[in-house]
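Here the structure is laid out as structure tokens; the discussion comes afterwards.
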Amino acid sequence: MTTLLSAQGISKHFGGVKALELCSLDVQKGSITGLIGPNGSGKTTLFNVMTGYVKPDVGVVTFNGEDITRARPDKVFALGIGRTFQLTRIFARISVLENMLVATQREEGWLRGLTRSMSSKHELDAAMEWLDFVGIARLAKLPAGSLSYGQRKLLELAYVLVADPDVILLDEPAGGVNLTLINEIGEKIRMLNKSGKTFLIVEHNMEFVMSLCDSVTVMHQGTNLVTGTPSEVRSNPQVLDAYLGGGEEEDTIEEVANG
Amino acid sequence: MLQKKNLWWVLALVIALLLPHIITNPAYRQIAVITLIFTACTTSWNMFSGYSGYVALGSAAFYGTGAYTMGLVSNHLHMMGTGDMFWLVPLGGLAALLVAIPVGLIALRVRRHTFVVITIAIFFVFQLAAINFNFTGGTGGLTLPYIPWQIQNYHLPFYYVALAILVFAIALSAGVRRSRFGLQLLAIRDDEDRALGLGVKVFPVKLTGFAMSAFTIGMGGALYAMMQGQIYPQFVFDPIFDITIALMAFFGGFGTLLGPILGGLVLESSQQYLTVTFSNGSLYLILFGVLFLLVILFMPQGIVVFIRDRMEKRRDRLEADKSEPAVLQGASS
Chain H
1 MTTLLSAQGI SKHFGGVKAL ELCSLDVQKG SITGLIGPNG SGKTTLFNVM TGYVKPDVGV
61 VTFNGEDITR ARPDKVFALG IGRTFQLTRI FARISVLENM LVATQREEGW LRGLTRSMSS
121 KHELDAAMEW LDFVGIARLA KLPAGSLSYG QRKLLELAYV LVADPDVILL DEPAGGVNLT
181 LINEIGEKIR MLNKSGKTFL IVEHNMEFVM SLCDSVTVMH QGTNLVTGTP SEVRSNPQVL
241 DAYLGGGEEE DTIEEVANG
Chain S
1001 MLQKKNLWWV LALVIALLLP HIITNPAYRQ IAVITLIFTA CTTSWNMFSG YSGYVALGSA
1061 AFYGTGAYTM GLVSNHLHMM GTGDMFWLVP LGGLAALLVA IPVGLIALRV RRHTFVVITI
1121 AIFFVFQLAA INFNFTGGTG GLTLPYIPWQ IQNYHLPFYY VALAILVFAI ALSAGVRRSR
1181 FGLQLLAIRD DEDRALGLGV KVFPVKLTGF AMSAFTIGMG GALYAMMQGQ IYPQFVFDPI
1241 FDITIALMAF FGGFGTLLGP ILGGLVLESS QQYLTVTFSN GSLYLILFGV LFLLVILFMP
1301 QGIVVFIRDR MEKRRDRLEA DKSEPAVLQG ASS
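Residue numbers (my numbering), protein chains in the order written: chain H, 1 to 259; chain S, 1001 to 1333.
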């Protein structure tokens, strides 16, 4: 296995808050990697660093061996790293299909957009295909703002997929979604993984992570604590400490409830 | 359906072409020209601000740049007051476009309210510059080459050039709406950071849209200056201009193609008409205030969106009535 996406020694401080402190993470090509940890342990910040939304104070992010630490989000996306957000973000006032089309041409120059129509036949077909894959093709003509929360999650997944990225970062794909849909999303991820997509998933739903992931990294207070297979992580005493011990009582209750 | 839509456009164009031969009073023709110029400006403004959500309130900087380009170049070239001066109209647009690039480079770094405030601030820099520099003629403004056309038909050529600018603005706005570029502007309006994360090069896209909209507004300013024959800094770099074109777009339907056209044609013509009819210049402001309150109160998204929603609802209802038995069948199976 080769490392596709890697973050090495990342630190990021917001004022006095050490969101990330010398955190490292490797995502192997073709894997489903899980990223777990108590609230505030830096998972989303690490996502933001890896996708160019936040510049780290220290550390290097590489993708296929190329340094992308300082690359902007559009460049990162063009290289083949797609992501979703914890609080689902879609374009509410354009149609579901138009949402898909925004992402279809990830490597196109900006001037090209002026001289071409909104979509080609090929892009429309691809967009409809992916909408069909996640099961919301019948909603294509509706304004995206009229979708339910779960449907928005699916749309966000679909428009990341339509650009055919190599690795997909999912920030809480199962958060706030009913059980049936959670299983459905898990099934889609497995199918895509079989077809060669690499995944990095932040998730609080332990069952979801443990059943899906090849490798799980636990973060605690801005750094990576333990990495291993799901069963190794589950039995690691440090992990139990991080979740159950010291100063994070409020989080813990929520974690236990979710897990 | 599309055919029928095109037919309306053709009909509107025919009426517009014939109008100055129906209205022969020079005062009313002048109203028509100014209405066309403002409608073109608000259509163009909406092409950027309406689609991208970046409400710019400094467009008078581009209008004034166009006007001063017309004034300065025609004077420097010692042009005679002939139709040749119309060639300076696109030049005025070009000057506005070039000015919009550095303005956009600064202003487009910030969003929402901050963007609005920055554009207003930049606009005042332009107005102050026009008042204080020597080459702009200071507060006295500029006198343009006198055009010795007969008063009866003086406005006729201006009318057709203004109409051409409006057609250009509408075509551009419609073209952008259909293009990938337009989709990117809409994506920026809804969630700029998400668009960035989906590969949209947001800054170049915003800057291009901003500069394109300045081009038409600059042409409008240049044509206005040529027709008036005299420009003053406070009338071409006019904060009321910024507010007017924004309000016209909001009135008709912000971010729609038809809205600004409707808003411009209705509001600007009635404003000009009221000003001419009642010598009391502030009466129209009171009427406008009332009108705006009513529109904002009852159709906050503008007239076009209001009507479209009503029509869609009616159509849905009619369809629902028709397909009622089918729905029941589906429910039982």
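Just so you know, even glycine gets a beta-carbon here, dropped at the ideal spot from N, CA and C.
Contacting residues, own chain, Cβ-Cβ under 7 Å from Val1161 (chain S) (five flanking each side not counted): Within the second sequence, the letter at position 161 stands for residue 1161 (chain S). Here the set comprises Phe1086, Val1089, Leu1223.
Per DSSP, cross-strand counterpart(s) of Ile1303 (chain S): Residue numbering aside, residue 1303 (chain S) sits at position 303 when the second sequence is read from its first letter. The partner list for Ile1303 (chain S) (beta bridge, DSSP) is empty, contrary to what the question assumes.
Rounded distance between the beta-carbons of Ser1213 (chain S) and Trp1045 (chain S), thought under 8 Å: Translated into positions along the second sequence, residue 1045 (chain S) becomes position 45. Translated into positions along the second sequence, residue 1213 (chain S) becomes position 213. About 6 Å separates the two Cβ atoms, so the contact holds.
Beta-carbon proximity list for Val1072 (chain S), same chain, < 8 Å, skipping 5 on both sides: Here the question's residue 1072 (chain S) lines up with position 72 in the second sequence. It is worth fixing the name first, because residue 1072 (chain S) is Leu in this sequence and not Val. Only Phe1135, Thr1136, Leu1142 meet the Cβ criterion.
DSSP-derived helix/strand/coil call for Asp74 (chain H): The residue labelled residue 74 (chain H) in the question sits at position 74 within the first sequence. Asp74 (chain H): helix per DSSP, three-state reduction.
DSSP three-state assignment for Pro1148 (chain S), whether helix, strand or coil: Position 148 of the second sequence, counting from 1, holds the residue named residue 1148 (chain S). If DSSP states are grouped into helix, strand and coil, Pro1148 (chain S) belongs with coil.
Members of the region 1186 to 1199 of chain S near chain H, C-beta cut-off 8 Å: Leu1186, Ala1187, Arg1189, Asp1190, Asp1191, Asp1193, Arg1194, Ala1195, Leu1196, Gly1197, Leu1198, Gly1199
Closest Cα partner of Ser117 (chain H) within the set S:Gly1263, S:Gln1184, S:Phe1133: As a working mapping, residue 117 (chain H) is identified with position 117 in the first sequence. The candidate whose alpha carbon is nearest that of Ser117 (chain H) is S:Gln1184.
Residues that Ser1179 (chain S) contacts on chain H, provided the C-beta gap is smaller than 8 Å: In the second sequence, the residue the question calls residue 1179 (chain S) occupies position 179. Ordered by position in chain H, the residues that pass the 8 Å Cβ test against Ser1179 (chain S) are Gly113, Leu114, Thr115, Arg116, Ser117, Met118.
Beta carbon proximity, Leu1094 (chain S) to chain H, threshold 8 Å: Taking the first residue of the second sequence as 1, we reach residue 1094 (chain S) at position 94. Not an interface residue.
C-beta neighbour in chain H for Ser1333 (chain S), strict 8 Å: Residue 1333 (chain S) sits at position 333 when you count from the first residue of the second sequence. With a pLDDT of only 34 at Ser1333 (chain S), under the threshold of 50, the placement of this residue in the model should not be trusted, and no figure is reported.
CA nearest to the CA of Thr1065 (chain S), picked from S:Gly1092, S:Ser1052, S:Ala1056, S:Phe1181: The count along the second sequence starts at 1 and reaches residue 1065 (chain S) at position 65. The shortest C-alpha separation from Thr1065 (chain S) is found at S:Gly1092.
Buried versus exposed, by CB contacts within 10 Å (16 or more), His204 (chain H): Mapped onto the first sequence, residue 204 (chain H) falls at position 204. Result: buried.
Same chain, Cβ closer than 8 Å to Ala1195 (chain S), five either side skipped, listed in chain order: On the second sequence, residue 1195 (chain S) is found 195 positions in, with the first residue counted as 1. Excluding positions up to five away in sequence, the list reads Gln1184, Ala1187, Ile1188, Val1202.
Cutoff 8 Å: Ala163 (chain H) Cβ touching any chain S Cβ: For the purposes of this step, residue 163 (chain H) is identified with residue 163 of the first sequence, where counting begins at 1. Yes, Ala163 (chain H) lies at the interface with chain S (some Cβ there is under 8 Å from its Cβ).
Contacts that Leu1183 (chain S) makes with chain H (C-beta to C-beta distance below 7 Å): Your numbering for residue 1183 (chain S) matches position 183 in the second sequence. The contacting residues are Glu98, Leu101, Val102, Met118.
Cys23 (chain H) in three-state terms, based on DSSP: Along the first sequence, read from residue 1 onward, the residue named residue 23 (chain H) stands at position 23. Note: Cys23 (chain H) maps to strand in three-state DSSP.
Identity of the residue in H:Arg234, H:Glu187, H:His122 nearest Leu154 (chain H) by Cα: Here residue 154 (chain H) refers to the residue found at position 154 when the first sequence is read from its first residue. Nearest C-alpha to Leu154 (chain H): H:Glu187.
is_contact[Lys1313 (chain S), chain H] using C-beta, thresh 8 Å: Walking along the second sequence from the start, residue 1313 (chain S) turns up at place 313. It does not: the Cβ of Lys1313 (chain S) has no partner Cβ on chain H nearer than 8 Å.
Spatially closest choice to Glu172 (chain H) from H:Gly37, H:Glu21, H:Ser6, by CA coordinates: The residue you call residue 172 (chain H) lines up with position 172 of the first sequence. Considering only alpha carbons, the answer is H:Gly37.
Burial state of Asp74 (chain H), where buried means 16 or more other Cβ atoms lie within 10 Å: What you label residue 74 (chain H) is simply residue 74 of the first sequence in a count that begins at 1. Result: buried.
Residue burial classification, Asn99 (chain H) (beta-carbon count within 10 angstroms, cutoff 16): In the first sequence, counting from the first residue as 1, residue 99 (chain H) sits at position 99. Under this definition Asn99 (chain H) is a buried residue.
Per-residue burial, Ala1067 (chain S) [other beta carbons within 10 Å of its own, 16 or more giving buried]: In the second sequence, the residue the question calls residue 1067 (chain S) occupies position 67. Buried.
Cβ-based neighbour list, Ile201 (chain H), same chain, cut-off 6 Å, excluding 5 preceding and 5 following: Translated into positions along the first sequence, residue 201 (chain H) becomes position 201. So the list reads Gly34, Leu170, once near-sequence residues are dropped.
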